[in-house]
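Worksheet: the structure to be examined is printed underneath.
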Amino acid sequence: MERMRAARLHLPDRSLVVEEVDRPVPGPGEVLVKVEAAGVCLSDVHLIDGTLSPMYLEGDAVTLGHEVAGTVAATGPDVTGWSPGARVVLQAGEERRGRTYTRGVDYDGGWAEYALATASTLVALPDTLSFEQAAIIPDAVSTPWAAVTATGDVRPAEAVGVWGAGGLGAHAVQLLRAVGAYPVVAVDPAPAARERALEFGADLALDPADPRFGEKVLGASGGVGLAAAFDFAGVPPVREQALTVLAPKGRLVLVGLTDQPLTVTDGTLFSYFQQRILGHYGSESHHVQQLVRLAEGGRLDFSRSITDVLPLEEAASAVRRMETKEGDPVRLILRP
Numbered sequence: 001m002e003r004m005r006a007a008r009l010h011l012p013d014r015s016l017v018v019e020e021v022d023r024p025v026p027g028p029g030e031v032l033v034k035v036e037a038a039g040v041c042l043s044d045v046h047l048i049d050g051t052l053s054p055m056y057l058e059g060d061a062v063t064l065g066h067e068v069a070g071t072v073a074a075t076g077p078d079v080t081g082w083s084p085g086a087r088v089v090l091q092a093g094e095e096r097r098g099r100t101y102t103r104g105v106d107y108d109g110g111w112a113e114y115a116l117a118t119a120s121t122l123v124a125l126p127d128t129l130s131f132e133q134a135a136i137i138p139d140a141v142s143t144p145w146a147a148v149t150a151t152g153d154v155r156p157a158e159a160v161g162v163w164g165a166g167g168l169g170a171h172a173v174q175l176l177r178a179v180g181a182y183p184v185v186a187v188d189p190a191p192a193a194r195e196r197a198l199e200f201g202a203d204l205a206l207d208p209a210d211p212r213f214g215e216k217v218l219g220a221s222g223g224v225g226l227a228a229a230f231d232f233a234g235v236p237p238v239r240e241q242a243l244t245v246l247a248p249k250g251r252l253v254l255v256g257l258t259d260q261p262l263t264v265t266d267g268t269l270f271s272y273f274q275q276r277i278l279g280h281y282g283s284e285s286h287h288v289q290q291l292v293r294l295a296e297g298g299r300l301d302f303s304r305s306i307t308d309v310l311p312l313e314e315a316a317s318a319v320r321r322m323e324t325k326e327g328d329p330v331r332l333i334l335r336p
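Given below as structure tokens:
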């Protein structure tokens, strides 16, 4: 059995260790992918610190990494349409027995030299799109894309707000601009995050503690309020603030995760204005395919999202940088 390096999370003590493991062998319907780039996400940080835990993992250790791009190394029996050397990006998860399994959480992911994938989770990658940019499309880009185009159903010229301009939120700003939303208001307490939001296309970037916050949002939206507000922070005060500047029939889309209660301070006004609160999680396979196509056609560029590329051995350092926001990263990439 051939061996490979992998960054493994051992759940009993939440330790992350780069170690040698057996290289997987593709079975029926499976493809072995040589990993060229794998994204580091805050979800990985939360898996390590214990905030998140796998729901369907068999065993007590898992190779992290749900944002993965590479080349086909080998195919299992009955796999057609894929040949060694083909450039691919992997969906961040798949459906099994009516449940959603997440790569790098419920089964081994891409923080390794090789990753095993069901053939149906592969998306062809054009030569014009780098592995680094492609790797972050599942989740970092596809999650806000699905939130904007599906759950939020944003239309051209609608006023929108984005709370939290980190990795997902910054991409949401870029994508909202791409679909024609106007104005796009970004909200974040960190000056560096607000500056980044403006670079990604926000028309206005506000500190949530600004005493004239509501006045400025109403001014930017022509006195009507926001047609859609997106919470990428997962913080209860964010949701309460967003509701105060929501337009009649506006929708609040909850993307950031929290186990804290959701409160509507004035339920009468909420009902009178026929507003809506919508939960959102992840994306579907066609969202990744759409984004690859748009990037191939030059409609979207994710090059500024790649803050740094690190070797696999520095996985722990990458996690620390994401957790402490050292260097204000959008996305860090591991290269085995």
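With UniProt numbering, the residue at position 122 of the sequence shown is 122, and numbering never jumps.
Just so it is clear, CB atoms sit at the ideal spot from N, CA and C, and this is done for glycine as well.
Here the structure is a predicted model, which means the values were calculated and not measured.
Output the boundary residues of the alpha helix (DSSP H) element that contains residue i.
i: residue 325; result: It is not in any alpha helix (DSSP H) - residue 325 carries neither H nor E in the DSSP assignment.
i: residue 126; result: Note, residue 126: premise wrong, no alpha helix (DSSP H); not H, not E.
i: residue 295; result: 285 to 296
I'd like the list of long-range same chain contacts for residue i, defined as Cβ closer than 7 Å, with 5 residues on each side in sequence excluded.
i: residue 136; result: 39, 67, 302, 305 and 331
i: residue 75; result: 26, 31 and 82
Residue range of the beta strand (DSSP E) that residue i falls in?
i: residue 145; result: Here residue 145 belongs to no beta strand (DSSP E); instead the alpha helix (DSSP H) covers 142 to 146.
i: residue 252; result: 246 to 254
i: residue 93; result: 93 to 96
i: residue 49; result: Not the beta strand (DSSP E): residue 49 falls in the alpha helix (DSSP H), residues 42 to 49.
i: residue 62; result: 61 to 63
i: residue 309; result: 306 to 311
Residue i by DSSP, collapsed to three states: which one?
i: residue 30; result: strand
i: residue 272; result: helix
i: residue 151; result: helix
i: residue 210; result: coil
i: residue 10; result: strand
i: residue 259; result: coil
i: residue 136; result: coil
i: residue 15; result: strand
i: residue 90; result: strand
i: residue 157; result: coil
i: residue 267; result: helix
i: residue 299; result: coil
i: residue 116; result: strand
i: residue 23; result: coil
i: residue 36; result: strand
i: residue 57; result: coil
i: residue 52; result: coil
What residues in its chain sit with their C-beta under 6 Å from that of residue i, if we drop five residues either side in the sequence?
i: residue 277; result: 252
i: residue 224; result: 247
i: residue 228; result: 152, 154, 160 and 251
i: residue 158; result: 181 and 227
i: residue 52; result: 46
i: residue 221; result: 159
Give the DSSP bridge partners of residue i, in chain order.
i: residue 163; result: 187 and 231
i: residue 204; result: 185
i: residue 279; result: 254
i: residue 69; result: 37 and 89
i: residue 331; result: 306
i: residue 103; result: 107
i: residue 74; result: 32
In chain order, what residues of the same chain lie with their CB nearer than 8 Å to the CB of residue i, ignoring the 5 residues before and after it?
i: residue 195; result: 205
i: residue 71; result: 33, 34, 36, 84, 85, 86, 87 and 88
### Query
Between the region 134 to 152 and the region 164 to 182, are three or more C-beta pairs nearer than 8 Å?
yes
### Task
Would you be able to state if there are at least three C-beta pairs under 8 Å between the region 197 to 204 and the region 125 to 132?
no
### Task
Taking 8 Å as the threshold, find out whether the region 34 to 50 comes into contact with the region 62 to 77 through three or more Cβ pairs.
yes
### Query
Does the region 180 to 193 touch the region 155 to 168, meaning 3 or more C-beta pairs lie closer than 8 Å?
yes
### Message
I'd like to know if the region 245 to 262 and the region 86 to 100 are in contact, where contact means that at least 3 CB-CB pairs between them fall below 8 Å.
### Response
no
### Message
Quick test of the definition: if touching needs 3 or more C-beta pairs under 8 Å, does the region 232 to 250 touch the region 269 to 276?
### Response
yes
### Query
If you pair each beta-carbon of the region 264 to 272 with each one of the region 102 to 109, do three or more pairs fall below 8 Å?
no
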